[in-house]
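Engineer: I have a structure I would like to understand better, so I am pasting it below and will then ask my questions one at a time.
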Amino acid sequence: MVFPSRPVKLLRESLKMPGYKLYYFDVRGRGELCRLILHCAGVPFEDFRDIDYFKDWPTIKTRMPFGQVPVLEVDGVKMLAQSMTIARYLARRHGLAGQNDWEQSQADMYCDCVYDLHNATVDATWEEDPVKQKDLFNKVNQDTIQPHLEKVEQHLVKNGSGHLVGQGLTWADIAYYAYFTTPIMTRLGGEVLTKAPHLKKLIETVGNNPNIQKYVETRPVTSG
Amino acid sequence: MPQYKLHYFNLHGMGELPRMIFHYAGVPFEDVRFEPSEWPQLKANMPFGQVPVLELDGKLLSQSYAIARYIARQHGLAGQGDWEQAQVDMYADCIKDFMINGRPVHDEQDPEKQKVLMTKFASEKLIPHMAVLEAQLAKNGGVLVGKGVTWADIACYAFFNHATVKHPDILKDSPNMAALVSQIGSNDNIKKYLETRPAYH
């Protein structure tokens, strides 16, 4: 009987794990959820973020399926665009999407809600005048975030596990964590979760995940 | 057969895609439509105070694309395997982007401002991304992903079927997309639905 040598074993292991390369700018923005999912699941990937907008982007753009990022390149041969599609694919492949079709659709629903929150907050996020920024943020909070949180709290309590979907962590929980810990939220959103204690606790739970903690400690500091 | 109810305004909007997936798949559902005047009383019953909402055996799902994806998956219109399903999601998201980015253009009342917004939307999003869809259709034998129609193709149909009413030339440079729209529109179930569907608005 011949047993595989250690180098052969390591090669076999590395062949099972797909080679992921995530293209995005050196900001959190639309790419951060994908990064968090990969870190949370303990899946190695190349976090390709050193893209200078003027020097590098014009060339890289032409290789991207829709001329946009984020893009996930798998094994150097195939590409996937659209931030939510990439996040969902990674969540499904690595056990963070929900336990059955209905749960997966619930997770999709929550993540689409977070996507809507991001869209509503984008003007405030990139506003350079601090006074205007605060006004824009307060308006989004009042008109969009607070009404949404009221519903999310009800659903969280009803679900009863502390998580948004089913009994365990899904990318929906990570999506809310990502949105409520953005730089603008950290700076201006101190009171935002006051009326949402269950969501606040869930966000803390996600933040305390060892893999996420380790990533967040070393993540580049960016404005958005 | 599960008991499906779809709740939405008596409009196309974000409800039309789920409706069309049901019809294309030949799956019966209750197409619950209401007028804007009825909405204030109904809003509180919806998971996030929005529609469309899918009601399935008493459970509720909101967000039009989560609904569309769920129905498509249950009825063989989502693609085969994780990678194909992700490709389908990607192309569907492209259409969703057209709708999200086209909305402010559509809503702008001032004709001069609308012209500026339209030019920006067309040059930055609509035209380049329609070219991507067109190239993919040419490369993949007339459907976007895999070997058959998926909900991404139906999303294209729903979008362009609606858009061609106000913009009849929108597909003039996209013969493959025009062929796909025609193909889906020729489906017996879709044809039957369009005959009885309330008028465009």
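The listed protein sequences correspond, in order, to chains A and B. If you count the first sequence from 1, you need to add 382 to reach this note's numbering. If you count the second sequence from 1, you need to add 184 to reach this note's numbering. Here a beta-carbon is modelled for each residue, glycine too, at the ideal position from N, C-alpha and C.
Look up residue 455 of chain A in the DSSP assignment and give the residues it is bridged to.
Structural biologist: Counting from one through the first sequence, the residue named residue 455 of chain A turns up at place 73. DSSP output for residue 455 of chain A lists A/403, A/461 as bridge partner(s).
Engineer: Between which residues of its own chain and residue 292 of chain B is the CB-CB distance below 6 Å, once the five residues before and five after are set aside?
Structural biologist: Here residue 292 of chain B refers to the residue found at position 108 of the second sequence. Contacts found: 298, 301.
Engineer: Select from A/486, A/580, A/454 the residue whose C-alpha is nearest the C-alpha of residue 542 of chain A.
Structural biologist: Counted from its first residue, the first sequence places residue 542 of chain A at position 160. Per the Cα distances, A/580.
Engineer: How far does the alpha helix (DSSP H) with residue 582 of chain A in it reach, from first residue to last?
Structural biologist: Taking the first residue of the first sequence as 1, we reach residue 582 of chain A at position 200. It spans 579 to 589 - the alpha helix (DSSP H) in which residue 582 of chain A sits, taken as one unbroken run.
Engineer: Against chain A, with Cβ distances strictly below 7 Å, would residue 305 of chain B count as a contact?
Structural biologist: In the second sequence, residue 305 of chain B corresponds to position 121, counting from 1. Cβ-Cβ to chain A under 7 Å: no for residue 305 of chain B.
Engineer: Determine whether the beta carbon atoms of residue 218 of chain B and residue 188 of chain B lie at a separation below 7 Å.
Structural biologist: Position 34 of the second sequence, counting from 1, holds the residue named residue 218 of chain B. Position 4 of the second sequence, counting from 1, holds the residue named residue 188 of chain B. No, Cβ-Cβ distance for residue 218 of chain B and residue 188 of chain B is not below 7 Å.
Engineer: Measuring straight from C-alpha to C-alpha, what distance separates residue 511 of chain A and residue 599 of chain A?
Structural biologist: Taking the first sequence and counting its residues from 1, one reaches residue 511 of chain A at position 129. Taking the first sequence and counting its residues from 1, one reaches residue 599 of chain A at position 217. Approximately 29 Å between the Cα atoms of the pair.
Engineer: Quick check: what's the CA-CA separation for residue 593 of chain A versus residue 421 of chain A?
Structural biologist: Residue numbering aside, residue 593 of chain A sits at position 211 when the first sequence is read from its first letter. Residue numbering aside, residue 421 of chain A sits at position 39 when the first sequence is read from its first letter. Their Cα atoms are separated by approximately 6 Å.
Engineer: Would you say the beta carbon of residue 444 of chain A is closer than 6 Å to some non-hydrogen atom of the ligand SAM?
Structural biologist: With respect to small molecules bound, the structure shown includes none, and the ligand SAM cannot be examined in it.
Engineer: Closer than 7 Å, CB to CB, is residue 491 of chain A near chain B or not?
Structural biologist: Locating residue 491 of chain A in the first sequence gives position 109, counting from the first residue. Output row for residue 491 of chain A: interface = yes.
Engineer: Give a yes or no on whether the C-beta atoms belonging to residue 314 of chain B and residue 366 of chain B are separated by under 7 Å.
Structural biologist: Locating residue 314 of chain B in the second sequence gives position 130, where the first residue counts as 1. Locating residue 366 of chain B in the second sequence gives position 182, where the first residue counts as 1. Their beta carbons are not under 7 Å apart, which means residue 314 of chain B does not touch residue 366 of chain B by this criterion.
Engineer: Please classify residue 436 of chain A: does DSSP put it in a helix, a strand, or coil?
Structural biologist: Walking along the first sequence from the start, residue 436 of chain A turns up at place 54. Coil.
Engineer: Below 8 Å on C-beta distance, what does residue 247 of chain B contact in chain A?
Structural biologist: Within the second sequence, numbered from 1, the residue matching residue 247 of chain B stands at position 63. Correct list: 490, 491, 494, 495.
Engineer: Under the three-state reduction of DSSP, which class applies to residue 183 of chain B: helix, strand or coil?
Structural biologist: Absent from the structure is residue 183 of chain B, since the part of chain B shown begins at 185 and ends at 385.
Engineer: Residues of the stretch 444 to 477 of chain A with a CB closer than 7 Å to any CB of chain B: list them in chain order, please.
Structural biologist: The stretch 444 to 477 of chain A vs chain B, Cβ under 7 Å: 447, 448, 449, 462, 463, 464, 466, 467, 470, 471, 474, 475.
Engineer: What whole-angstrom Cβ distance do residue 367 of chain A and residue 471 of chain A have, given they're in contact under 8 Å?
Structural biologist: Examination of residue 367 of chain A is not possible in this model, given that chain A is present from 383 through 606 alone.
Engineer: In chain order, which alpha helix (DSSP H) runs of at least 4 residues are fully inside the stretch 276 to 324 of chain B?
Structural biologist: Correct list: 295 to 305, 311 to 323.
Engineer: Looking at chain A, is there any beta carbon in it that lies within less than 7 Å of the beta carbon of residue 191 of chain B?
Structural biologist: Indexing the second sequence from 1 puts residue 191 of chain B at position 7. Not an interface residue.
Engineer: Run the CB neighbour count on residue 351 of chain B, radius 10 Å, all protein chains shown included, and call it buried at 16 or more, exposed below.
Structural biologist: As a working note, residue 351 of chain B is residue 167 in the second sequence. Exposed, since its Cβ has fewer than 16 Cβ neighbours within 10 Å.
Engineer: Could you tell me whether the Cβ atoms of residue 205 of chain B and residue 338 of chain B are closer together than 7 Å?
Structural biologist: Here residue 205 of chain B corresponds to residue number 21 of the second sequence, with the count starting at 1. Here residue 338 of chain B corresponds to residue number 154 of the second sequence, with the count starting at 1. Cβ distance < 7 Å, so residue 205 of chain B and residue 338 of chain B count as in contact.
Engineer: Would you mind stating whether residue 557 of chain A and residue 496 of chain A have Cβ atoms separated by less than 7 Å?
Structural biologist: Numbered from 1 along the first sequence, position 175 holds the residue referred to as residue 557 of chain A. Numbered from 1 along the first sequence, position 114 holds the residue referred to as residue 496 of chain A. The answer is yes: Cβ separation under 7 Å.
Engineer: What does residue 278 of chain B reach in chain A if we use C-beta pairs closer than 8 Å?
Structural biologist: Stepping through the second sequence from its first residue, residue 278 of chain B is reached at position 94. Residues of chain A passing the Cβ test: 448, 464.
Engineer: Over the uninterrupted beta strand (DSSP E) stretch that includes residue 562 of chain A, give me the two end residues.
Structural biologist: Numbered from 1 along the first sequence, position 180 holds the residue referred to as residue 562 of chain A. It is not in any beta strand (DSSP E) - residue 562 of chain A instead sits in the alpha helix (DSSP H) that spans 553 to 562.
Engineer: Let me check understanding here. Comparing Cα to Cα, which of B/249, B/220, B/191 lies closest to residue 243 of chain B?
Structural biologist: On the second sequence, position 59 is the one that residue 243 of chain B refers to. For the residues B/249, B/220, B/191, the minimum Cα distance to residue 243 of chain B belongs to B/191.
Engineer: For residue 232 of chain B, go through chain A and note every residue whose CB falls closer than 7 Å to its CB, in chain order.
Structural biologist: The count along the second sequence starts at 1 and reaches residue 232 of chain B at position 48. Here the neighbours are 495, 530, 533.
Engineer: Check the Cβ of residue 313 of chain B against every Cβ in chain E and list those closer than 7 Å, keeping chain order.
Structural biologist: Structure shown: chain E not included; protein chains present are A and B.
Engineer: Please identify the residue among B/258, B/309, B/360, B/346 whose C-alpha is closest to the C-alpha of residue 198 of chain B.
Structural biologist: The residue you call residue 198 of chain B lines up with position 14 of the second sequence. Per the Cα distances, B/346.
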